Amino acid sequence: VPRIIERVLQLASLYEASVQAEDEDAAKAFCRIFAEAGEQYLRALLFKPQEWALPVATAVLSGAKHPEPEVAEITFNFWYVLSEELAGSGRMIADEETRAQTRAFFAPLFLQVVDALRVLVEFPPDSATWSADVQD
Numbered sequence: 238v239p240r241i242i243e244r245v246l247q248l249a250s251l252y253e254a255s256v257q258a259e260d261e262d263a264a265k266a267f268c269r270i271f272a273e274a275g276e277q278y279l280r281a282l283l284f285k286p287q288e289w290a291l292p293v294a295t296a297v298l299s300g301a302k303h304p305e306p307e308v309a310e311i312t313f314n315f316w317y318v319l320s321e322e323l324a325g326s327g328r329m330i331a332d333e334e335t336r337a338q339t340r341a342f343f344a345p346l347f348l349q350v351v352d353a354l355r356v357l358v359e360f361p362p363d364s365a366t367w368s369a370d371v372q373d
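The numbering of the sequence shown is my numbering, which starts it at 238 and goes up by one.
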């Protein structure tokens with residue numbers, strides 16, 4: 238697991254380059270890799286948060302912050318699965334004290350996810366000039 242996660246994290250700079258180059262296809266591919274790694278290794282992320290969770294979740298968060306909804310939505314399942322584990326309906330964390338500590342660890346990231354979602358659903362600044370049909 239450590240080698241795979243290390244290699245996945247090495248892709249973060251390539252993802253950033255794809256965002257700068259406005260290469261949406263490459264950005265989607267990198268987001269998919271980050272999100273899939275997070276989902277597949279969720280148990281490792283939950284129980285070794287200092288080592289792996291923050292870097293992997295930060296990589297997934299960078300995808301959630303992408304300005305194109307089609308790219309950002311690739312990360313949504315990761316956040317859903319993680320939230321299920323942290324909210325108590327998941328089965329990986331049996332001990333409530335550990336769950337509370339892990340929830341506190343991830344809380345700042347979830348605040349950033351909510352902010353990223355807010356940006357995605359906001360109307361553009363020129364939306365006041367749109368016709369009623371376009372606004373619908």
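C-beta: ideal position from N, C-alpha, C; glycine also.
Values in this document were obtained by computation on a predicted structure and should not be read as measured data.
Report task. Flag this pair as yes or no: are the beta carbons of L291 and I270 separated by less than 8 Å? Result -> Taking the C-beta atoms as reference points, I270 is found no nearer than 8 Å to L291.
Should I242 go down as buried or exposed, given a rule of 16 or more other Cβ atoms within 10 Å for buried? So I242 counts as buried.
Assuming K265 contacts V308 (C-beta within less than 8 Å), just tell me the rounded distance between them. With a beta-carbon spacing of about 5 Å, K265 and V308 fall inside the 8 Å limit used to define contacts.
Fill in: Local conformation of L354 per DSSP, three classes
DSSP places L354 in helix when its eight states are reduced to three.
Check: Mind checking Y252: buried by the 16 CB within 10 Å criterion, or exposed?
Finding: By the 10 Å Cβ count, Y252 comes out buried.
Q) Does DSSP put I376 in a helix, a strand or coil? A) Lying outside 238 to 373, the shown extent of the chain, residue 376 is not represented and no answer is given.
Q: Report the option in F360, R340, V297 and E359 whose CA atom is closest to the CA atom of L283.
A: With distances taken between Cα atoms, L283 lies closest to R340.
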